[in-house]
Amino acid sequence: MATGSTIGAVAPTVGRGSGAAFAEMLKDSALFALVTLGLSIPVVAYRTDLGQGTGLELTGRWGVVAGLCLAVFVLRLGQRMILGEVSRRREAHRIATAGAPPVVGRAGRVLGPLTLAVALTLPLLAALGSGGLSEGRYWIDLGILILTYVMLGWGLNIVVGLAGLLDLGYVAFYAVGAYSYALLSTVFGLSFWICLPLAGLFAAAFGVLLGFPVLRLRGDYLAIVTLAFGEIIRLVLINWVDFSGGAAGLSSIPRASFFGIPFTAGEGGFAQTFGLTFNPIHRIIFLYYLILALALITNLVTLRMRRLPLGRAWEALREDEIACRSLGIDTTMTKLTAFALGAMFAGFAGSFFAVRQGFVSPESFNFLESAIILAIVVLGGMGSQVGVAIAAIVMVGAPELLRNLSFLKAVFGEGFDPNEYRLLLFGLAMVCMMVWRPRGLISERSPSVRLGGRGA
Amino acid sequence: MEFFAQQFINGLTLGSIYGLIALGYTMVFGIIGMVNFAHGDVFMLSSFIALIFFLILTSWLGLTSVALVFLIVLVLAMILTALWGWAIERVAYRPLRGSFRLAPLISAIGVSIFLSNFVQVVQGARNKPVPPLVRDVIVLYQNEQYTVTLSYKQAIIMTTTALLLAGFWYLVQRTSFGRAQRACEQDRRMAALLGINVDRTISLTFVLGAALAAVAGTLYLLYYGVVSFSDGFVPGVKAFTAAVLGGIGSLPGAVLGGLIIGLIETFWSAYFSIEYKDVAAFLILIVVLIFKPSGILGRPEVEKV
Chain A
1 MATGSTIGAV
11 APTVGRGSGA
21 AFAEMLKDSA
31 LFALVTLGLS
41 IPVVAYRTDL
51 GQGTGLELTG
61 RWGVVAGLCL
71 AVFVLRLGQR
81 MILGEVSRRR
91 EAHRIATAGA
101 PPVVGRAGRV
111 LGPLTLAVAL
121 TLPLLAALGS
131 GGLSEGRYWI
141 DLGILILTYV
151 MLGWGLNIVV
161 GLAGLLDLGY
171 VAFYAVGAYS
181 YALLSTVFGL
191 SFWICLPLAG
201 LFAAAFGVLL
211 GFPVLRLRGD
221 YLAIVTLAFG
231 EIIRLVLINW
241 VDFSGGAAGL
251 SSIPRASFFG
261 IPFTAGEGGF
271 AQTFGLTFNP
281 IHRIIFLYYL
291 ILALALITNL
301 VTLRMRRLPL
311 GRAWEALRED
321 EIACRSLGID
331 TTMTKLTAFA
341 LGAMFAGFAG
351 SFFAVRQGFV
361 SPESFNFLES
371 AIILAIVVLG
381 GMGSQVGVAI
391 AAIVMVGAPE
401 LLRNLSFLKA
411 VFGEGFDPNE
421 YRLLLFGLAM
431 VCMMVWRPRG
441 LISERSPSVR
451 LGGRGA
Chain B
457 MEFFAQQFIN
467 GLTLGSIYGL
477 IALGYTMVFG
487 IIGMVNFAHG
497 DVFMLSSFIA
507 LIFFLILTSW
517 LGLTSVALVF
527 LIVLVLAMIL
537 TALWGWAIER
547 VAYRPLRGSF
557 RLAPLISAIG
567 VSIFLSNFVQ
577 VVQGARNKPV
587 PPLVRDVIVL
597 YQNEQYTVTL
607 SYKQAIIMTT
617 TALLLAGFWY
627 LVQRTSFGRA
637 QRACEQDRRM
647 AALLGINVDR
657 TISLTFVLGA
667 ALAAVAGTLY
677 LLYYGVVSFS
687 DGFVPGVKAF
697 TAAVLGGIGS
707 LPGAVLGGLI
717 IGLIETFWSA
727 YFSIEYKDVA
737 AFLILIVVLI
747 FKPSGILGRP
757 EVEKV
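Residue numbers (the numbering used here), protein chains in the order written: chain A, 1 to 456; chain B, 457 to 761.
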């Protein structure tokens, strides 16, 4: 177990006097605190700010450093005392019950339908919870945001989770989808329902275009090339002003209509056609169900694909590429389809993003966005559908909710903004995930089919 | 011709900085076969460390000797950044040995996101400018229209890179640490059987890589006079491109690659368009990886079961 061995000497605490063991723990924790002190000098200890004059001014913050060191000391001591015991017991338990099916699979089976039920009834729940449709708008907007990431996560899951290809430029396909809709609708006046499949096709075409030359590369190199590709798309969008509007982006993109009926107050609008009083929330609810449907389609396709020979080939590829090749699987075609399919869903999500925002700019498609989607897939357990959905809820929804908690402000001071720490925690979570539970928090990543009962 | 010469000098300077960062990538890739994605952010962090020490020395302690300030800042930044490199390896990479193939890269991306946002949280999001430390230039050639100059800064940067490369070459080729490192590169298990402390060797590799990144970070601050929390990503990717172009795993290759990337970027900006200079670098990366993944000075890689 990696739990007890991050930094510092790890001496076994078993079979020694408890006093000596405790002293050893204290020493180890003190070492941790000392390293933290070293790391905090000088980036935490002194903050640089532009002062009144021309140069930078330094402000000492040794209190923060002391707090940080103390926190690390206490956490490490706690980890050694509590987790050390737990992990030893768990290890003994694991050895005793080796071969038993994982308990987590069952949790996934309950969580899945539950999440789906909540997702389907969210507008209703929001309305009931906050006392009116319009008052519930915040929750529905949050739901749309989360579902967009769920969909992107599921799309990337095909590439990373199933086929095992690390794609660091996934957001490029999202951008292609968004700009396809934005340009097709503003220049050619095409409606959303024609643009949606076109955007998916364009994104898939870009996926093939990128995939064809690069899929011969092995893991790390492939990741870096996709990253470079994503950056190229973004830089072109910024600099090719005639085509994409440059850094300012494209605005006044037409809004979605209810299969041709616009969400307007006047004659022939959605409200009038269905005999309702006009309310802007109708459009929001429609968008919510639209992204929910798109996300569910992504999920459905993924689940079906896993049962097809192609899906099986993806998973086989993830487990062992050389074995695949020797068994006669066309690895290039297999990778290419995963890439194209993943890209297509990103394209759908992108055109949804454009229709929802009414505005696209290259800033929405930077590397960080790719990293967030990847983090969602990784935390979800790379290959688990429910895991990805829950990771998206936690990663995207939680910071939004934290922002509104006033007691946090009371604890950390008035200027405290949890959003500032969001990405910091993202990064930490990715590392912790890889160290402790590389196969996912909620669900285990395991091949759909497997010979006998042998572990992969 | 004069314009060309001036751009050539500028390109070599930029390339030296890329080369220093690329050395860190190439050493780590050589020894454990992972792309240390966080290396660019370690470079950025070192730049901040240098910035703060520079401010402490000049405005609080009132040191005026430029050479002394530069040396102290360089040494302190190297030591503290090396500590970061060591800690990162212990926390984020070492527990992952023997994990699945993509785990170290994902962990490294996590570290990269963490570092850039950590610096943003503790130092703020705005650009941090410093007053120019060295202003003097050497006029190499002068006629009516053009003056070709080599600034002291550029001279310092190129000399430091050349010295460090020579030092590292010696370290890897002649010392016992270098032998241990090369042995680990070839076969980690066999090296361990022969009594080499593999974990310590890998740790030291990260420490050295981070120290080199600190040199690059200090020089970057000296050259551009401004740094921000997001400055790690693009130089990081370009340095990685340099390492791949030169042949990943090869020390002279990394510096050669860095110089080539620096020159291409500078000439591209000077003769074509400054907007697409990053696109040029990324395109080179893609083209090299597709057509010659072993790079200029690298060995072709054989995939084994």
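Virtual Cβ for every residue (Gly too), placed ideally from N, Cα, C.
B/N492 has a beta carbon lying at 7 Å or more from every beta carbon in chain A. Between B/L517 and chain A, the shortest Cβ-Cβ separation is not below 7 Å. In this structure, B/V744 sits near B/L701, with a CB-CB distance shorter than 7 Å. Residue contact check for B/S563 against chain A: a CB pair falls below 7 Å. Under a 10 Å Cβ-count criterion, B/N653 is classified as exposed, with fewer than 16 other Cβ atoms of the shown protein chains found around its own Cβ. Only N573, F574, V575, Q576, V577, V578, Q579, G580, R582, K584, P585, V586 and P587 from the region 573–594 of chain B bring a Cβ to less than 8 Å from some Cβ of chain A. Against chain A, the beta carbon of B/Y732 has neighbours under 9 Å at L235, V236 and N239, listed in chain order.
DSSP places B/L589 in the coil class of the three-state scheme, outside both helix and strand. Around the CB of B/S521, fewer than 16 other CB atoms lie within 10 Å, so the residue is classed as exposed. Each residue's CA atom was taken as its position, placing B/I465 and B/A670 some 23 Å apart.
The beta carbon of A/T226 is closer than 6 Å to those of D167, L168 and G169 in its chain, skipping five residues each way along the sequence.
Cα atoms of B/L470 and B/F728: separation of roughly 18 Å, rounded to the nearest angstrom. According to the DSSP assignment, B/S607 belongs to the beta strand (DSSP E) that extends over T603 to S607. Residue contact check for B/S555 against chain A: a CB pair falls below 7 Å. Within chain A, the residues placing a beta-carbon under 9 Å from that of B/G566 are A371, A375, V378, F426, G427, L428, A429, M430, V431, C432, M433 and M434, ordered along the chain.
Taking a Cβ-Cβ cut-off of 8 Å, the neighbours of A/R47 in chain B comprise V578, Q579 and G580, given in sequence order.
Collapsing the DSSP output to three states places A/F359 in coil. Interface criterion not met: the Cβ of A/L402 is under 7 Å from no Cβ in chain B.
B/G541: member of the alpha helix (DSSP H) spanning V522 to I544, first to last residue. DSSP links B/L596 through a beta bridge to no other residue. Around B/L741, the same chain offers T697 and V700 as residues with beta carbons nearer than 7 Å, after the five sequence neighbours per side are excluded. Annotation: A/G63 to A/A45 spans about 8 Å, alpha carbon to alpha carbon. Taking every protein chain shown into account, the CB of B/T661 has 16 or more other CB atoms within 10 angstroms, so this residue is buried. By the criterion of at least three beta-carbon pairs nearer than 8 Å, the region 529–548 of chain B is not in contact with the region 598–615 of chain B. Secondary structure at B/F485: helix, using DSSP grouped into helix, strand and coil.
For B/A670, not one C-beta of chain A is nearer than 7 Å to its own C-beta. When the beta-carbon positions are compared, A/A338 and A/A163 come within less than 7 Å of each other. The DSSP-derived three-state label of B/T631 is coil.
In this structure, A/I224 is the residue among A/V43, A/S244 and A/I224 with its C-alpha nearest to the C-alpha of A/F367.
Counting only the Cα atoms, B/V491 lies some 17 Å from B/W540. Rounded to whole angstroms, the separation of the alpha carbons of B/I612 and B/V693 is 24 Å. At a cut-off of 4 residues, the continuous stretches assigned as alpha helix (DSSP H) that sit fully inside the region 234–303 of chain A are 241–244 and 270–273. With a threshold of 7 Å between beta carbons, A/D220 makes contact with chain B. Per the DSSP secondary-structure output, B/K584 pairs in a beta bridge with B/V683.
Scanning B/I508, B/G651, B/A726 and B/S503 for the CA closest to the CA of A/T59 turns up B/I508. For B/W625, there are no neighbours in chain A by C-beta distance under 9 Å, as the nearest C-beta there is about 26 Å away.
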